[in-house]
Amino acid sequence: MELANFYLKDKTLIHKLFKVLVPRYMNYTTSFTSMYLLSNRDIDWSNYRQRSYVNQRVLIELKGNPYPPLLNHDLKRNNLLHNILLSQVSRDYYMNRTNVDSEISKEQD
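The opening position of the sequence shown corresponds to residue 27 in the working numbering, with each subsequent residue numbered one higher.
See the structure below:
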């Protein structure tokens, strides 16, 4: 309680923390937040492997909130051009493979 009182400037949020958020996440066994790194315009990509996230802006989303999620993972992306092309190539590959297998089996008989 003292820790929340120290960090929260708006004291009405202490009530929300203990009456709304703590009961919602009491039985969670995994993390109850999702963190998204926001793009930064002044990134030095010349040394990207040693880049630190010190000045990086992030967005934290509470799981189970009443609002729509930031990233919708349930989107069907079958109609995107590269997915159409890949599915056709895959279909052609397996059709050719079955034809070759059937020809080999005929030659062996």
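Glycine is no exception: its CB is placed at the ideal position from the N, C-alpha and C atoms.
Partner residues in the beta bridge of residue 60, as assigned by DSSP, are 87. Taking the Cα positions, residue 34 is about 10 Å away from residue 43. Going by C-alpha positions, residue 132 is about 57 Å away from residue 55. Within the model, the alpha-carbon separation for residue 84 versus residue 124 is close to 50 Å. In this structure, residue 86 and residue 61 form a Cβ contact; the two beta carbons are roughly 5 Å apart against a cut-off of 8 Å. Looking from the CA of residue 40, the closest CA among 104, 58, 30 belongs to 30. Scanning its chain for C-beta atoms nearer than 8 Å, with the 5 sequence neighbours on each side dropped, one finds around residue 90 the residues 50, 51, 58, in chain order. Between the alpha carbons of residue 127 and residue 121 lies a gap of roughly 10 Å.
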